[in-house]
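Below is one structure, written out as structure tokens, with a few remarks after it.
Residue numbers (UniProt numbering): 1 to 317.
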């Protein structure tokens with residue numbers, strides 16, 4: 001359907017005025033392009049316009065930039081928080097492993113000391129582990145993980161790498177009870193290493209020291225003297241460390257000296273102990289001496305000579 005004259009475009013109108021207007025527009029465009037190419041006028045106009053419009057763009061973009069910055073900040077903070085939490089967990093785990101390794105190293109050192117004690121003294125011992133501690137009122141005992149099924153007997157001495165700990169008090173099928181030397185009802189014969197004085201060390205009420213209440217007034221006992229097992233009574237073999245004298249003072253009665261000693265063994269820290277199987281023979285009266293006599297092959301001849309009468313002796317006249 002053909003358009004009418006009124007509906008035609010004014011730019012491409014068929015009359016002379018429209019054609020002239022088109023030519024003027026084209027010429028103006030060519031002039032502007034030439035001027036812009038030679039002098040850069042339009043570029044300066046665009047530059048000035050951009051300088052005016054740029055703040056408007058920045059102002060319009062502030063909300064979006066703010067939202068983006070806040071989201072990035074929260075994301076970074078959450079990531080840093082998670083990383084910090086993981087680092088804290090790794091640090092705690094590393095500390096726990098380090099403490100465990102230190103404990104294992106210390107335990108290995110104690111076991112090495114026990115084995116060194118066994119080898120140096122050539123003892124027939126049995127290694128046992130402490131599984132219970134009873135430090136009640138006036139009772140100081142340990143529970144070991146070995147009993148009658150393992151050959152443990154009542155009265156066996158118990159030692160660690162540093163000295164005497166006590167003796168087996170009660171034996172059960174799989175466990176045994178050990179009375180410590182610091183128990184108030186325990187006594188152990190000792191000898192002072194420096195002077196050779198023999199006495200008895202008793203447990204104390206506080207369970208931390210040994211008491212030596214029957215030392216003669218004239219005895220030479222000093223702080224720092226070492227106490228060793230004397231072997232009397234046959235319960236503890238001689239020569240094992242028992243304690244170290246800490247103080248010496250007159251007793252309440254004034255007739256004896258009373259010394260307090262610190263145990264040599266780690267009574268409150270040892271986790272592994274040694275049970276002694278070789279015990280000293282109990283001291284007692286000497287065995288009767290077998291009567292001595294002539295050898296059996298000479299006994300008949302001696303009897304015959306004793307029965308024959310002696311020959312008469314005289315002088316021939």
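Glycine residues also receive a C-beta, built at the ideal position from the N, C-alpha and C atoms. If you're wondering where the values come from, they're calculated on a predicted model, not measured in any experiment.
In terms of residue numbering, what span does the alpha helix (DSSP H) encompassing residue 35 cover? 16-39
For residue 207, count neighbouring C-beta atoms within 10 Å of its own C-beta (all shown protein chains included) and say buried if the count is 16 or more, exposed if not. buried
Assuming residue 194 contacts residue 225 (C-beta within less than 8 Å), just tell me the rounded distance between them. 5 Å
Going by DSSP in three states, residue 259 sits in which element: helix, strand or coil? strand
Taking the alpha-carbon positions, what's the residue 19 to residue 28 distance? 14 Å
Given a cut-off of 8 Å, decide if residue 171 and residue 165 are closer than it, judged by their beta-carbon atoms. no
Here's the rule: buried if 16 or more other CB atoms are within 10 angstroms of the residue's CB, otherwise exposed. What is residue 74? exposed
What distance in whole Å lies between the Cβ atoms of residue 167 and residue 246, which are believed to be in contact at a cut-off of 8 Å? Not a contact, Cβ separation roughly 23 Å.
Exposure of residue 109, with buried meaning 16 or more beta-carbon neighbours within 10 Å: exposed
For residue 183, is the classification buried or exposed, using 16 other Cβ atoms within 10 angstroms of its Cβ as the cut-off for buried? buried
So, residue 274 versus residue 134, is the Cβ gap smaller than 8 Å? no
With distances taken Cα to Cα, identify the nearest neighbour of residue 174 among 128, 210, 191, 202. 128
Taking 8 Å as the cut-off, decide whether the C-beta atoms of residue 200 and residue 214 are in contact. yes
For residue 25, does the count of other Cβ atoms within 10 angstroms reach 16, so buried, or fall short, so exposed? exposed
Hey, how far is the Cα of residue 132 from the Cα of residue 152? 17 Å
Quick check on residue 219: does DSSP put it in helix, strand or coil? coil
Do the CB positions of residue 179 and residue 186 come within less than 8 Å of each other? yes
Sort out for me which residues DSSP pairs residue 177 with in a bridge. 143, 170
Residue 248: first and last residue of the uninterrupted beta strand (DSSP E) it sits in: 241-250
Cβ of residue 197 within 8 Å of Cβ of residue 263? no
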